[in-house]
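Visitor:
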Amino acid sequence: MKKVIRDYGKFLSMTSETFGAATKKHSVKCKRGCHECCANGFFDITLLDALHLRAALKKVPAAVRKRVIAKAEEQLDILEKKKAFSRKNPILKTLKDIDSVSRRSAKMSCPALENGVCLLYHHRAHICRIFGPTVRGPRRAVRLEGCGYFTRDIPESDLPILDNYEAEEKILRAMYTKAGRKRIRDIDTIIPAALTLDMEKWL
Ligand code: SF4
Ligand code: SF4
């Protein structure tokens with residue numbers, strides 16, 4: 507599994523490079539000082555992101571790791587009390603599951619966010635790297651809905667999001683094969699669970 511996680515790390519770095527080049531070319535960037543998308547509740551991430559984030563925790567200073575884990579545990583306690591999430595079954599299988607946990611965590615910020623800074627920036631999830639501008643394909647078809655703060659859209663030719671999903675799926679497939687599964691399972695989780703639980707057993 508270590509190789510799969512390493513390959514995913516390389517894929518994420520390439521994604522960031524492509525995103526950086528596209529935003530530079532179109533002169534767009536995040537609203538100054540904004541970290542809204544990290545502070546308005548949890549969104550779903552793949553189990554591949556979850557394994558990658560958890561492995562990344564070993565690479566950050568112990569004090570940072572301790573703070574991030576403590577905040578994630580505290581948030582999971584609250585979500586469990588609200589019956590919005592369960593550590594015993596930390597996977598999200600449907601849009602309804604995802605919607606429910608996002609709504610009930612709406613006032614929580616990501617456990618990695620501290621004073622407006624992402625403590626796990628170099629290890630952040632796929633969506634954290636591409637979210638922001640709206641990406642449009644041919645005939646202005648929306649490929650990725652943006653946050654609304656970006657002044658210009660980015661064409662798919664500069665941020666080939668569908669190719670990205672395809673490449674991601676290849677690594678996802680390798681992860682499930684390694685776990686002894688015959689096919690990809692369409693399941694996700696949330697960042698606090700990724701940082702505190704061993705998600706490998708849920709593959
Ligand atoms: S991992 Fe970082 S970029 Fe992603 S939501 Fe958390 S704080 Fe934001
Ligand atoms: S992507 Fe949008 S919401 Fe998120 S930090 Fe940038 S400007 Fe703010």
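For the sequence shown, the positions run 507 to 709 when my numbering is used.
Heads up, the beta-carbon is just placed ideally off N, CA and C, and yes, glycines get one too.
(1) Run the CB neighbour count on N670, radius 10 Å, all protein chains shown included, and call it buried at 16 or more, exposed below.
(2) Out of I584, G515 and R679, which one is the CA nearest neighbour of H629?
(3) Taking Cβ positions, are D694 and L598 nearer each other than 7 Å?
(4) Rounded to whole angstroms, what is the Cα-Cα separation between G526 and S519?
(5) Quick test of your reading: T702 and L557, contact by CB under 8 Å. State the CB separation rounded to the nearest angstrom.
(6) Could you tell me which residues DSSP pairs with D694 in its beta bridges?
(7) In angstroms, rounded to a whole number, what distance separates the CA positions of L559 and A578?
(8) Can you determine whether any heavy atom of ligand 2 sits closer than 6 Å to the C-beta of K530, and answer yes or no?
(9) When you compare the CB positions of V617 and P698, do they come within less than 7 Å of one another, or not?
Guide: The structure says:
(1) buried
(2) G515
(3) yes
(4) 10 Å
(5) Not quite, the Cβ-Cβ distance comes to about 13 Å (not below 8 Å), so this is no contact.
(6) T552 and L598
(7) 13 Å
(8) no
(9) Note that residue 617 is Pro in the sequence shown here, rather than Val. Yes, Cβ-Cβ distance for P617 and P698 is below 7 Å.
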